[in-house]
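Note sheet for the following structure.
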Amino acid sequence: MEQLTTSLTPRAPTNKTPVAGSSQQATGSVAKRLGNELMTLMMSSSPGISAFPKNDGNLFEWVGTIEGAPGTVYAGLTFRISISFPPNYPYVPPAIKFDTPCFHPNVDINSGGICLDILQDKWSAVYSVQTILLSLQSLLGEPNNASPLNTDAAAIWNNQDAFKTQLMRHYRPLKDESA
Amino acid sequence: MATDALKAQVRSKWQDAFKRINSNNPGITGLMAFSEVGHAVVHEETTQHLFSKQSWSHTLAFVKPINIKEDPPPKRADITTARRDFEVVNYCRRLPSDWCLDDDYMFSDEIRQKFYLVREDIDSYLSDYELSKDLSHISRLILRLKEWYDAWTPPEELGATIRNAFVLVFQTQLYSSLGPTFVKGFKDLIASTFPSSDPDIPSQTLDASTWVIFETLGFLDRYENIIASAGYEHIEAHVLEACAGQWETPMMDTLRTWMSEKVVPWLLLMYGRDANTTDEARALLSTIGSRFDFHVAKTLCDLRTREIFDIIVDYPDSAGALQDLKECLQRVDQRGALVKSLRKANRKRLLHPGAETRLILTQYVATIKCLRIVDPPGVLLFKVADPIRRERPDTIRCIVSNLVGDDDSGDSLVDESEPIVPLQQADTEDYTDPNWEPEPVDAGPDFRTNKPSDVISTLVSIYDSRDLFVKELQVLLAQRLLAITDDSTEKVEKERRNIEILKIRFGEAALQVCEVMLKDMTDSKRIDGHVQSQKASIVHPTIISRQFWPMLESSEIVMPGQFQILQDQYAKEFSTFKPDKRLRWLPHLGTVHLELQLEDRMLEVDVPPLEAAFIELFSEKNIRTIDELINAVGSVDKSAAFKALLAWVDLGVLKEDEPGTFRLLEVAEEAGPARDSSSRIAPTTEQDLAPVTSLQQQQAEQMKVYWKFIEGMLTNLGQLPLDRIQTMLRFAPGYDQTIEQLAGFMEAARREGLVGVKDGLWKLTPR
């Protein structure tokens, strides 16, 4: 069984990666880092954020959950995000997008893409899934209106009631919780 | 109309008749002879009939059954006449006429009618037998039957036909008259012919002539089963008598000798009577002999199977019995029965709540040794071992404590003389091995081949993983190392020696953690030496690496007063010596040597830290309540606190004035029972409780970690079926639970309202 896991884990990303030179060992160490991050995240129990690999055997595709921080317009809402780690993680940031439609100045309402500096040029290998999730959670309450992705949202941010109406118009509750 | 078919029919009839009369003589000589003797028969039917009738009545008179009780023996003088008469009758019989048969019946009827005479005799003998149970009645009856038989048998001169007819009729009549009483008597009679195993009782040997009588009367064929079962019973009785409880030496050879000396001669009488030479006899006996030999093996096997538990208890004194069992099992297919019997015996006699795990293990080791003799591949062992490993959770601990010689009772499970060898890996089979043998047929699917290996390997191998052993070993080692209070290097060295031995068994890598633990012990001493040289302190801590030690029982005790100061001072010195390390005190472990200066007396005691902490608190204030004390040292279990205080009460230092309130006795109370401080035998009672969390507690801790993972996956992935949870838990490091264990865990979580399940899908309960 153990053999199976270790042989499966590196193979999944190697199929995806176009990098010819990425050796088994390198992906193995990435998997190890991701495993450690998962462990840390599980044990930290930060309120309102969580993430977990989508499938067993593949540590490179995760699903995350972010709850809006209390006191913000997003309070009580839960957003699902998908996290995709590149094979050369953590030297390159993971690709993150919102799966739940999120009306937010820095989030693309259609694609779910996020405009956050630490996910782009400000990325550093010391960041982890946990720090990303925390950043996203705080981003919800404190948008960077200077470089908006969703200009409509940025425009009405100052009017919180109107913003809330727009937010709720787009928001879709998580599937299994409505069931 | 004379068709060809008709012609052929006539021809064949003619040929048939010709053949019948001519017999097998060449040409027509047979026919001629027939004409000569039965001249009238051929030509004159009436004459033939009369003549024949006359001959017949002569014959009949001659062969007529007589009453031997009254009639004189028939005169044999007229045998020639009789023969001639009979020949005529016989010749006539060759003609296809019905009257011959009629006359045949006449003869049979005659026997039938007269048979009541025989029956009378049978009844009288049998009723005698029933009354007295004396077998001589039976043998006399048989002799009597023989007399009847002899008297009635037509003389040989009259040819085989009439004799056969007679034998048939006589036996039919005889068998129908012999009831179950006779069968029983006959069986007993046969049984009594066996040479008794007790030489004092002379056996009633029947000579060969008796067997001839049996044969003549047709008993041997008719009662073959009965004779054989008498033989079997005799064998069974002998085996039981000779072998029950006799386990020291193999009995099989003795039994074989007994067979060839006592039973084979008997068999020869019965089955080998036709044989003229020994070779012939051997050939005749080969089938029946092997059947009897099989029966010996089966009886012995059954006996040993019943005794197996006691045999194992008696091991190694019962090696002979095991040899027997091995030999018998090869001949008799009784392996299943053996496993069943042993499992049953184990369940009834071993695995009951009253039995100590140690005893179970001792018996189990004996089982290993015994079954290794009986069945080297270990299939039987594997099947028997199952209940043992399921029943007792503390078996591993027992084995491990035995491994490290943590045994006061002295007798070790492991044979000292057995060399220490590495544990056998349950490795994959090497098919290139020229001596490779397939697994035995009765091996179950989860059977793991274990080559004949040492006891410890087998013990460890019945558990699915040796990790359990290593973990338990760490816990045990931690306990033992922490129990070393004085600076005794020897004790540490002893542990080191144990670990070195165990390394041979479990391999270097598995025991690396233990190695670190031992190193911590020596390092502690060194560091302590250094710290003491910088600033002398009365604190001598054992510094352990948290990562490598099993989880220690945590405690919230904060040492009060001077203890706190001492600890802080030491910690400061330590951090100057090792700046990157920080000491985290576990004040509840260890002991404190105290000198109590009271008004009228001085006490010198070794006490657990909690007791020391309490008495320290009394130095500030003479009267304190228990709640006050607990608050002062941080959170402590109330019963533990009470126990610590009572220890001081026992020493006459404290007194419980009213429930929950204690007072320091600066002046010893005379009224109290006189106590000598030195009479305190074991001041370290607290230490009886293992300071190291047991494996089970550790597992509970582990389960908490797994719960975090389950929570994580259910939060993000929505509802999941159980098997998916199980596979996803592979992300959790060291997850080793089975899906059944997980199901139990989830069920427990459901009862606590943490999760819900619907259609086999688990999901978190919304908070």
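Respectively, the protein sequence lines represent chains A and B. Just so you know, we're using the numbering used here here: the first sequence kicks off at 557 and counts up by one. Just so you know, we're using the numbering used here here: the second sequence kicks off at 45 and counts up by one. Cβ coordinates follow ideal geometry from the N, Cα and C atoms, glycine included.
DSSP on residue i, reduced to helix/strand/coil?
i                      : result
residue 60 of chain B  : helix
residue 627 of chain B : coil
residue 451 of chain B : Because the pLDDT of residue 451 of chain B is 49, which lies under 50, any placement of that residue in the model is unreliable, and the number read from its coordinates should be weighed accordingly. In this structure, residue 451 of chain B counts as coil in the three-state DSSP scheme.
residue 640 of chain A : strand
residue 197 of chain B : coil
residue 309 of chain B : helix
residue 607 of chain B : helix
residue 282 of chain B : helix
residue 653 of chain A : strand
residue 676 of chain A : coil
residue 261 of chain B : coil
residue 753 of chain B : helix
residue 302 of chain B : helix
residue 788 of chain B : helix
residue 520 of chain B : helix
residue 275 of chain B : helix
residue 560 of chain B : helix
residue 641 of chain B : strand
residue 405 of chain B : helix
residue 584 of chain B : coil
residue 322 of chain B : helix
residue 633 of chain A : coil
residue 270 of chain B : helix
residue 380 of chain B : helix
How far does the beta strand (DSSP E) with residue i in it reach, from first residue to last?
i                      : result
residue 650 of chain B : 646-651
residue 579 of chain B : That residue, residue 579 of chain B, is in no beta strand (DSSP E); it is neither H nor E in DSSP.
residue 38 of chain B  : The first residue shown for chain B is 45 and the last is 811, placing residue 38 of chain B beyond what the model contains.
residue 394 of chain B : Premise fails: residue 394 of chain B is in no beta strand (DSSP E) and is neither H nor E.
residue 805 of chain B : 805-808
I'd like the list of long-range same chain contacts for residue i, defined as Cβ closer than 7 Å, with 5 residues on each side in sequence excluded.
i                      : result
residue 616 of chain B : none
residue 671 of chain A : 662, 703 and 705
residue 763 of chain B : 805, 806 and 807
residue 444 of chain B : 513, 516, 517 and 520
Spatial neighbours of residue i within its chain, please: CB distance less than 8 Å, with the 5 preceding and 5 following residues excluded, ordered by chain position.
i                      : result
residue 710 of chain A : 661, 699, 701 and 704
residue 809 of chain B : 797, 798, 799 and 800
residue 609 of chain B : none
residue 357 of chain B : 407 and 410
By Cβ distance, which residues of its chain are closer than 6 Å to residue i, with the 5 residues on each side in sequence left out?
i                      : result
residue 649 of chain A : 675 and 679
residue 192 of chain B : 162
residue 697 of chain A : 625 and 628
residue 166 of chain B : 221
residue 345 of chain B : 372, 376 and 378
residue 586 of chain B : 568
residue 156 of chain B : none
residue 669 of chain B : 704 and 705
Taking the continuous alpha helix (DSSP H) assigned at residue i, which residues delimit it?
i                      : result
residue 622 of chain B : Counting along the chain, residue 622 of chain B falls outside any alpha helix (DSSP H), and DSSP gives it neither H nor E.
residue 685 of chain A : 685-697
residue 766 of chain B : 766-772
residue 590 of chain B : Run containing residue 590 of chain B: none; DSSP gives neither H nor E here.
residue 293 of chain B : Unbroken run through residue 293 of chain B: none, as it is neither H nor E.
residue 534 of chain B : 533-550
residue 736 of chain A : Missing from the structure shown is residue 736 of chain A; chain A here goes from 557 to 735 and no further.
Exercise for review: Identify every run of the alpha helix (DSSP H) within the region 328-373 of chain B, keeping only runs that are complete inside it and at least 4 residues long; order them along the chain.
Suggested key: none
Exercise for review: Scan the region 754-787 of chain B for residues whose Cβ lies nearer than 7 Å to a Cβ of chain D and list them as they occur along the chain.
Suggested key: The structure shown contains no chain D; its protein chains are A and B.
Check your understanding: What runs of the alpha helix (DSSP H), each 4 residues or longer, lie entirely inside the region 662-707 of chain B?
Key -> 670-676 and 682-694
Exercise for review: Let me know the alpha helix (DSSP H) ranges lying completely inside the region 157-242 of chain B, each 4 residues or longer, listed in chain order.
Suggested key: 179-196, 204-221 and 224-236
Review point. Given a limit of 9 Å on CB to CB distance, which residues of the region 553-567 of chain B reach chain A?
Key: none
Check your understanding: Fully enclosed by the region 576-631 of chain A, which alpha helix (DSSP H) runs are 4 residues long or longer?
Key -> 580-600
Check your understanding: Using a Cβ cut-off of 7 Å, which residues of the region 580-593 of chain B contact any Cβ in chain A, in chain order?
Key -> none
Exercise for review: Could you run through the region 656-689 of chain A and flag, in chain order, every residue whose CB is less than 7 Å away from some CB of chain B?
Suggested key: none
Point to revise | chain B contacts made by the region 616-632 of chain A, where a contact means CB separation under 9 Å | key: 618, 619, 620 and 621
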